[in-house]
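Numbering (my numbering), first residue to last: 5 to 117.
Accompanying notes for the structure given below.
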């Protein structure tokens with residue numbers, strides 16, 4: 005993974021974990037793997053994102069900044085629901101991702117300037 009992609013993914017995960025904690029969730033230590041193309045996702049969580057709750061891993065298809073932010077937010081929130089309540093709640097994870105999307109995007113943009 006190119007250095008700038010790794011740095012970006014790490015920053016998004018850090019921000020998502022902070023938001024998850026503020027929402028009363030317990031985020032796990034999350035591993036993010038950014039790939040050029042996602043083949044046959046196991047979970048079928050959403051386009052461009054696969055989640056493995058057993059290993060707390062997100063496999064994210066490389067994309068534009070806005071897509072990367074939304075996908076990683078949704079994935080971290082999904083894993084946080086799993087870690088906190090032991091439930092797979094993709095609907096709530098996506099709702100939280102939408103709720104915090106613009107705030108996260110602005111925070112990341114400010115951090116890169």
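Cβ coordinates follow ideal geometry from the N, Cα and C atoms, glycine included.
Just so it is clear, the structure is predicted and the values come from calculations on it, not from any experiment.
Nearest Cα to residue 98 within the set 19, 78, 12 and 70: 78. Of the other Cβ atoms in all chains shown, fewer than 16 fall within 10 Å of the Cβ of residue 35; this residue is therefore exposed. As a beta-bridge residue in DSSP terms, residue 61 pairs with 35 and 56. Three or more beta-carbon pairs separated by less than 8 Å link the segment 68-87 to the segment 11-28, which places the two stretches in contact.
Counting along the chain, no alpha helix (DSSP H) covers residue 50, and no H or E run does either. When the Cα atoms are used, residue 115 and residue 107 turn out to be separated by approximately 12 Å. Residue 109 has its alpha-carbon roughly 25 Å from the corresponding atom of residue 87. The residues 47, 49, 62, 79, 82 and 83, in chain order, have a CB closer than 7 Å to that of residue 55 in the same chain once the five nearest residues on each side in sequence are set aside. Under the DSSP assignment, residue 75 falls in the alpha helix (DSSP H) whose first and last residues are 69-89.
In the three-state reduction of the DSSP assignment, residue 109 falls in the helix class, which pools H, G and I. Sixteen is the threshold: when 16 or more other Cβ atoms of the shown chains lie within 10 Å of the Cβ of residue 60, as they do, the residue is buried.
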